[in-house]
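A.B. asks:
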Amino acid sequence: MTERAAVRTDHYKAFGFRIESDFVLPELPLAGEREPLDNITVRRTDLQPLWNSSIHFYGNFAILDHGRTVMFRVPGAAIYAVQDASSILVSPFDQAEENWVRLFILGTCMGILLLQRKIMPLHGSAVAIDGKAYAIIGESGAGKSTLALHLMSEGYPLLSDDVIPVVMTRGSPWVVPSYPQQKLWVDTLKHMGMDNANYTPLYERNTKFAVPAGSNFHEKPLPLASIFELVPWDAATHIAPIQGMERFRVLFHHTYRNLLVQPLGLMEWHFKTLSSFIRQVGMYRLHRPMVGFSTLDLTSHILNIIRQGENDQ
1 MTERAAVRTD
11 HYKAFGFRIE
21 SDFVLPELPL
31 AGEREPLDNI
41 TVRRTDLQPL
51 WNSSIHFYGN
61 FAILDHGRTV
71 MFRVPGAAIY
81 AVQDASSILV
91 SPFDQAEENW
101 VRLFILGTCM
111 GILLLQRKIM
121 PLHGSAVAID
131 GKAYAIIGES
141 GAGKSTLALH
151 LMSEGYPLLS
161 DDVIPVVMTR
171 GSPWVVPSYP
181 QQKLWVDTLK
191 HMGMDNANYT
201 PLYERNTKFA
211 VPAGSNFHEK
221 PLPLASIFEL
231 VPWDAATHIA
241 PIQGMERFRV
251 LFHHTYRNLL
261 VQPLGLMEWH
271 FKTLSSFIRQ
281 VGMYRLHRPM
291 VGFSTLDLTS
301 HILNIIRQGE
311 NDQ
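Its first residue numbered 1, the sequence shown is counted upward by one per residue in the UniProt record's numbering.
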């Protein structure tokens, strides 16, 4: 790699880290000088030679140095490398849009870094309700962010969107806040009466937008109380507990970038962490109709479960 030129760096906080970045990251709050946070860096450099020399690929990812470095390439954006659980290296392509480049720094790169640190990244959104964290997980397009937005409109602040960092604290799972922004489809904005002209598009085709959470964001870690798997289907809204070994399958499936768990040598850690999860949190499958918006019914189901104090084991 070429020697790094002198550039301006800024210090941000997200995912429980202080982030020293060569890139401006307007989505993130600035870090205070005395905040006790672990440091990570985001650097701009030339990764093309290292990418060209990579030989061990797992899907779209290149694994180097026994998992110490994970690389991937996004056409039109950049080549990325996550090293030693502390450094993100970025090599943008010519004419790449900064919004597009940043999207993968704060998404896939952070998910890989969390895995390298043995912090569980779940794919979903999390909100704070009555001093506890509740996670909404599911496939892309299932409606996780939309449901979280509706809960936020009811007064329950956001903890994380897209990547949910979960740490084991004194043997119990806690959700660490990521950063105060959601990624929302234009149809969701219209349904909620929000003008997409007020928000920054994430893609050139202007179908998904970055929506700041503002003050409706919880900045401190909270204990994880329950997980709701959101699943579209062709019937009415329905909720049921997830029980037994099905809990393992669901949590593994919705681990962010789970393709990397095995090549990074994390299978044993992942299994032990999931074992702790399924003993300590409630888990529910929340079916929603494929067509239309059912967030009012879904919100009602979630709040009823919480109010009843149920925690199926």
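Where a beta carbon is used, it is the ideal one built from N, C-alpha and C, also for glycine.
These numbers were taken from a predicted model, which means no experiment stands behind them.
1. By DSSP, does H150 sit in helix, in strand, or in coil?
2. Could you spell out where the beta strand (DSSP E) holding R288 opens and where it closes?
3. How many Å lie between F277 and S21 at the Cα?
4. Is D161 buried or exposed, if buried means 16 or more other CB atoms sit within 10 Å of its CB?
5. Please state whether the Cβ-Cβ distance between P221 and V176 is less than 8 angstroms.
6. Around the Cβ of F271, are there at least 16 other Cβ atoms within 10 angstroms (buried) or fewer (exposed)?
7. Just to confirm the assignment: which complete beta strand (DSSP E) runs, minimum length 3, are found wholly within the stretch 14-97?
8. From the DSSP output, read off the bridge partner residues of P201.
9. Tell me the DSSP secondary structure of I242 in three-state form.
10. What does DSSP give as the partner residues of L230 in its beta bridges?
11. Please return the same chain residues whose Cβ sits closer than 6 angstroms to the Cβ of S215, not counting the five positions on each side in sequence.
12. Is it the case that the Cβ atoms of T255 and R288 are separated by a distance below 8 angstroms?
13. Work out the CA separation of D234 and D84 for me, nearest whole Å.
14. Straight-line CA distance for M168 to D195?
15. Does the distance from the C-beta atom of S275 to that of P223 stay below 8 angstroms?
16. Going by DSSP, name the residue or residues bridged to T169.
17. Exposed or buried, which one is S178 when buried takes at least 16 other CB atoms within 10 Å?
18. From I112 to N304, what does the alpha carbon distance come to, in whole angstroms?
19. Taking just the CA atoms, how far does H123 sit from L50?
20. The beta strand (DSSP E) that contains L189, what's its start and end?
21. Which class does M120 belong to by DSSP, given the choice of helix, strand or coil?
22. Skipping 5 residues on each side, what residues in its chain have a beta carbon closer than 7 angstroms to that of D297?
23. What residue from T69, V101, D65, G265 has the CA that sits closest to L25's CA?
24. Where does V127 fall in DSSP's three states?
25. Are the Cβ atoms of Y80 and F57 separated by less than 8 angstroms?
26. Tell me the rounded alpha-carbon separation between S300 and L115.
27. Taking 8 angstroms as the threshold (C-beta atoms), are V127 and M152 in contact?
28. How many angstroms separate the CA atom of Q95 from the CA atom of I227?
29. Count Cβ pairs between the stretch 39-53 and the stretch 135-152 that sit closer than 8 angstroms; are there 3 or more?
30. Between which two residues does the alpha helix (DSSP H) holding I302 run?
31. Taking its Cβ as the centre, do 16 or more other Cβ atoms sit within 10 Å of E268, making it buried, or is it exposed?
32. If you follow the beta strand (DSSP E) that A133 is in, where does it begin and where does it stop?
C.D. replies: So, from the data block:
1. helix
2. 282-289
3. 33 angstroms
4. buried
5. Result yes, Cβ atoms of P221 and V176 sit closer than 8 angstroms.
6. exposed
7. Qualifying beta strand (DSSP E) stretches, in chain order: 17-21, 38-44, 61-64, 69-74, 78-83, 87-92.
8. F209
9. coil
10. Per DSSP, L286.
11. Excluding positions up to five away in sequence, the list is empty.
12. no
13. 45 angstroms
14. Distance between the alpha carbons of M168 and D195 is about 39 angstroms.
15. no
16. Under DSSP, T169 shares a beta bridge with S172.
17. buried
18. 35 angstroms
19. 29 angstroms
20. If you look at L189, you'll find it isn't in any beta strand (DSSP E); it sits in the alpha helix (DSSP H) that goes 186-191.
21. In the structure shown, M120 sits in a strand (DSSP, three-state: E or B).
22. Scanning its chain for C-beta atoms nearer than 7 angstroms, with the 5 sequence neighbours on each side dropped, one finds around D297 the residues T237, in chain order.
23. V101
24. strand
25. no
26. 33 angstroms
27. yes
28. 41 angstroms
29. No contact exists between the stretch 39-53 and the stretch 135-152.
30. 295-308
31. exposed
32. 132-137
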